[in-house]
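Everything on this sheet refers to the single structure shown next.
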Amino acid sequence: MDAAGSEHCRFSETDKALYAYDASGDSRTPPDLVIRAVDTAQISRVLACCSKLGVPVTPRGAATGLSGGCLPVRGGVVLDMAGMNRILDLHAADMVAVVQPGVVNRALQNAAAAHGLFFPPDPASLDSSTLGGNLAENAGGPKAVKYGVTRDYVLGLTAVLADGRVFRTGGRTIKNVAGYDLTSLLVGSEGTLAVIVEAVLRLAPLPESQAALNAFFPSTYTAAKAVQKVLHSGVRPVALEFLDTATLAAIAEHSGLHIPQNAKAMVLVAVDGSPESTVRHTALLETLLREAEAVDISRADSPAACEQAWKVRRAVGPSVRKLAPACIAEDIVVPLGSIADMVEKIQHLAKGSGFPICCYGHAGDGNLHVNLMYDNTKPEDCKAAWSTAEQVFAAALQMNGSISGEHGIGSVKLPYLAMQVDPVTLELMQKIRQTLDPAGILNPSKGIPAANAAEQSA
Amino acid sequence: MNAESLRSRVEDVLRPCAGCGTCQSICPVYAAHPWEGGSARGKLHALRAFVHGNIHDEVALARLMDECMLCGRCTDQCPNGVEAKALFREARAFFAQRGHAGKIAELALERLLPSSGLFRSFMAAGFAGKPVLDALLRQFSGLALRFPALTGVERMPKLVARSFVERMPTELAGPKGAPRIAIFAGCVTSWLRPSLGETLVHALQRHYTVIIPKTQGCCGIPALSGGFPHAAKVLMLRNLAALLACKADVVLTPCASCTHMLAHEMQALLGEEFDNEANDIAAKVMDVTRFMAENRPVFPAAPSSIKKLFIHTPCHLRKDVAGANMPAALAETMGLEYAHHAPGQCCGGGALVPMLQPVVSANICAAPLRDFAAFKNDSADCALVTSCNGCFVQWTRLLPAGTPILHPLEVCCSNRVKTCL
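Chains as they are written, first to last, in our numbering: chain A, 520 to 977; chain B, 6 to 426.
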């Protein structure tokens, strides 16, 4: 506590209970101590001290993660980064922003917009999630189909090692090949390698105009095929979202939004760019979607109309949640050519499992959210739901996909990582982790299995 | 409410919660205090941990519930329809029932406020005692440090010996056949800012019959926020009777919180038994700012010494678009320079937080205060404009002494009043 400054420490029963959950719905052991991070020097002192004492440290942003990445599994310290929320520099000429990890994604968007710029990674939680969390999980979002994911916009980092030493990676330039790319290693490392205290982020020019099309299809298969046609059309959409039959039915029932009666699936295509190009591209895409058997298309040309068009997509979460008391929210990803097959496979699994499964998501980059709706008060349902989830993972891997596209492994998906990553790669990952954090204090039991656990299972 | 009913309420309210953190992103308390307990999500989960027996410290939890502006942004923005605000108010009532509201709050909100005789005597004592308190505060400036709730009390306007409602006639007849407008003044207009009420009467009386029901009192929102719904109900029933009796076409209130209470909280508070009466009055209640927006010719702008307006939209008016936009429209007609602070920002003055958690309240106001200072830029003719008396009290306590804090009505009509009264 001396290392942290006692005024930044909280350890009452209430405080501890408040740091034992996140948006994953998982709930773990409460921490023993919550430390409010204030600056690099303090974090450095805290980590050095915890390394010496072997106390686990779990960094935490806004706790909007869906894989339990910020939950303390073995007690110890939760390092609350939310208060380090200053934008240190927003350099329009360099098109970069230098931020502290607690800055909320939306706050950066607002600050960048004042300079005609934006930060392309747009996780659904962007109004509340912190950039530190976005970096730790390498968050994606709908715009990934055109702009890529968080990692593509990180130029440099300042981070603190588990032993308290501070180091810098990368820099402020787009090209930079001096030494190993430790920036990319830290992004997506889920707080297991170092604590990021500053990031240099790349910004992009704010597009002049946007437009969106909501196209409804008679079957999930035709919709999934339409996704592929859009990807090959020569137009690069800024978002290409897909909603299956179960998801649309949930929206029609619970959201009050109008869904055409004969619609069994929906594809949302959004484009951005100059006013001329958006007009031309929407016209082209509209024709293409009609040819792909769309039964109904609504077109949004103004920002207000686009907001309206996105309402259907945004209604997914709240509507789907009403189907069952609990939900396993997966985020598998498959190669672009396998999207239609994966959607078919999921429908097949849903029929076999007896659970409602809602499949929707960022089809444009192959990233599908598979929500298994079940009753968590019945132990047999929990078991069966997770076994179905495992079959979904297996199917994605069979198609050369991945078990997580954007949520991260965290604690929730840890038991399944070995399905995807081979033992040699896993050992390499463990060696890297041991090198950076020899005492094993940083976010233990997250991201990758501990080395000794792997030995035990081997 | 007993422990079992709190438990089932918490379970019901939290069932649709996805823990997504949307409520956190728009919470004024969290913005000033970025720690989990600041946000609605944190408070909801603390309540859940409490009813599940994982938190035992009731006093700490009661104090955590005090750190909420009850502004309702969390409830409005929640994608899953979690009714956080209602639950927080119920939780405050639950803890008050178990004696955790504090003796002063209990005395003031449950005993003093609903009793019109006692309240009148208290105000009279305040009228006499305020100079003594001010002198004490000046003499022992450390007093405000030890009791942060006392910060800026010496800047408050002097209480009046007779309230606005008492000194006004019950009815001022307007032109023949003119619509009847009742004024619901609220405590601050009655006892601290009677000139605001008088300005309103003056502007209205040439066009309308103006009624000032004598038996009106506090709207009840302090009691409801403080965890004493029964006291709030007593007050509300008295107001309802007073407003029904005057057979008005419109009920105007010069305070956004009173408007909110009468228009949006009354029905739920009084229950089905008074559905017809409450709905009748709620439909007639209108905030003065909205009335001004819809009846601009009634409020012609007089020349003003004020040149710059810093507009603070009260939490309780933010959903009334016409009312919320009126001060800016007024500034444009009058050719005044104006600015809003960050959209929807809270001043920290509501839900008794300045009394219950003065440090939290002051921290919430820190950013708005900085914005104001930057806009004012040392100009002497800059005023803060707000149409809520809770906000008025907060800004009065925290802004530099002498800064004009005006209701929009006073921006355009204040000069004429001095000549008429």
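Note that CB positions come from ideal geometry on N, CA and C, so glycine has one too.
Since we're looking at a predicted model, the values are computed, not measured.
Just confirm the distance between the C-beta atoms of B/HIS105 and B/ALA67, as a whole number of angstroms; I'd bet it's less than 8 Å.
Indeed they touch by this definition, with Cβ atoms about 4 Å apart.
In the structure shown, what three-state DSSP assignment does A/ASP850 receive?
DSSP places A/ASP850 in strand when its eight states are reduced to three.
Using a Cβ-Cβ cutoff of less than 8 Å, which residues in the same chain neighbour B/LEU5 once the five nearest sequence positions on both sides are dropped?
Residue numbering for chain B in the displayed model covers 6 to 426; residue 5 of chain B lies beyond these limits and cannot be assessed.
Could you check if B/SER168 is buried or exposed, using at least 16 other CB atoms within 10 Å of its CB as the buried criterion?
So B/SER168 ends up on the buried side.
At which residues does the alpha helix (DSSP H) containing B/GLY231 begin and terminate?
Taken as a continuous stretch (DSSP letters only), the alpha helix (DSSP H) holding B/GLY231 covers 226-231.
Is there at least one Cβ from chain A nearer than 8 Å to B/ASP4's Cβ?
Past the boundaries of the shown model lies residue 4 of chain B; chain B is included only from 6 to 426, so the question cannot be answered.
With DSSP run on the structure shown, which of helix, strand or coil describes A/ASP608?
Three-state DSSP puts A/ASP608 in a strand.
Could one say the Cβ of A/VAL623 lies closer than 8 Å to chain B's Cβ atoms, at least one of them?
True, the Cβ-Cβ gap to chain B drops below 8 Å.
What is the C-beta distance between B/MET6 and B/GLN82, in whole angstroms, given that I count them as a contact (C-beta under 8 Å)?
Contact doesn't hold; Cβ gap of about 26 Å is too wide.
Among the candidates A/ALA765, A/HIS773, A/ALA811 and A/LEU704, whose CA atom is the shortest distance from the CA of A/ALA734?
Measuring from the Cα of A/ALA734, the nearest candidate turns out to be A/ALA811.
Which residue's Cα is closest to the Cα of A/GLY659: A/LEU808, A/ASP941, A/PRO642 and A/ALA742?
The shortest C-alpha separation from A/GLY659 is found at A/PRO642.
So is B/GLU270 buried or exposed if we call it buried at 16+ other beta carbons inside 10 Å?
When all chains shown are included, B/GLU270 counts as buried.
Are the beta-carbon atoms belonging to B/VAL303 and B/HIS212 less than 8 Å from one another?
Yes, the pair counts as a contact, with Cβ atoms nearer than the cut-off.
Please classify B/GLN221: does DSSP put it in a helix, a strand, or coil?
Residue state, collapsed to three classes: coil.
What's the gap between the Cα of A/GLU974 and the Cα of A/MET785?
Note on A/GLU974: pLDDT 42, under 50, position unreliable in the model; the coordinate value appears next. Straight-line Cα distance between these residues: approximately 46 Å.
Apart from the five residues on each side of it in sequence, which residues of its chain come closer than 6 Å, Cβ to Cβ, to A/LEU566?
Counting only Cβ-Cβ distances below 6 Å, and skipping sequence neighbours, we find VAL679, ALA681 and GLY683.
Going by alpha carbons, who is nearest to B/ALA246 out of B/PRO259, B/LEU267 and B/PRO234?
Among B/PRO259, B/LEU267 and B/PRO234, the Cα nearest to that of B/ALA246 is on B/LEU267.
Fully enclosed by the stretch 669-712 of chain A, which beta strand (DSSP E) runs are 3 residues long or longer?
Fully enclosed beta strand (DSSP E) runs of 3 or longer: 673-679 and 685-689.
Could you run through the stretch 541-556 of chain A and flag, in chain order, every residue whose CB is less than 7 Å away from some CB of chain B?
Listed by position along the chain: ASP541, ALA542, GLY544 and ARG555.
So for B/HIS50, helix, strand or coil by DSSP?
The answer is helix: DSSP assigns B/HIS50 an H, G or I state.
Looking at the unbroken alpha helix (DSSP H) that takes in A/ARG833, where does it start and where does it end?
Unbroken alpha helix (DSSP H) run through A/ARG833: 822-833.
Should A/SER644 be flagged as near chain B, meaning a C-beta pair shorter than 8 Å?
Judged by the 8 Å Cβ criterion, A/SER644 is in contact with chain B.
State yes or no: is the beta carbon of B/ASP62 nearer than 8 Å to at least one beta carbon in chain A?
Output row for B/ASP62: interface = yes.
According to the neighbour-count rule (16 or more other Cβ atoms, all chains shown, within 10 Å of its Cβ), is B/ASP71 buried or exposed?
Flag for B/ASP71 reads buried.
Flag this pair as yes or no: are the beta carbons of B/THR262 and B/CYS393 separated by less than 8 Å?
In the sequence on display, residue 262 of chain B carries Ser and not Thr. In contact: B/SER262 and B/CYS393 (Cβ atoms closer than 8 Å).
Helix, strand or coil: how does DSSP classify A/GLY880 here?
If DSSP states are grouped into helix, strand and coil, A/GLY880 belongs with the strands.
Ignore the nearest five residues each way along the sequence and tell me which others in B/SER309's own chain have a CB closer than 8 Å to its CB.
Taken in chain order, the residues that qualify are MET339, LEU341, VAL416, CYS417, SER419 and ASN420.
Only counting the same chain, and skipping five residues up and downstream in sequence, which positions put a Cβ closer than 6 Å to that of B/PHE99?
Once the five neighbours on either side are set aside, the close Cβ partners of B/PHE99 are MET6 and LEU11.
Please identify the residue among A/ALA632, A/THR669, A/HIS800 and A/LEU654 whose C-alpha is closest to the C-alpha of A/THR724.
Just to set this straight, residue 724 of chain A is Pro in the shown sequence, not Thr. Checked all of A/ALA632, A/THR669, A/HIS800 and A/LEU654; the closest Cα to A/PRO724 is A/ALA632.
Spell out the partners DSSP gives A/GLU717 in its beta bridges.
Paired residues: A/THR677.
Could you check what DSSP says for B/MET291 in three-state terms: helix, strand or coil?
The answer is strand: DSSP assigns B/MET291 an E or B state.
Could you confirm whether any beta carbon from chain B is found closer than 8 Å to the beta carbon of A/ASP894?
So no, A/ASP894 is outside the interface.
Between B/CYS425 and chain A, is the shortest Cβ-Cβ distance under 8 Å, so that the two count as touching?
Only weak support is given to the placement of B/CYS425: the predicted model assigns it a pLDDT of 38, under 50, and the value that follows is read from those uncertain coordinates. Not one chain A Cβ lies under 8 Å of B/CYS425.
Reducing DSSP to helix, strand and coil, say where A/MET892 ends up.
A/MET892 falls in the strand class under three-state DSSP.
In this structure, does DSSP put A/PRO575 in helix, strand or coil?
Three-state DSSP puts A/PRO575 in coil, outside helix and strand.
Distance cutoff 8 Å, beta carbons only. Does A/ARG605 sit that close to anything in chain B?
No, its Cβ sits nowhere closer than 8 Å to a Cβ of chain B.
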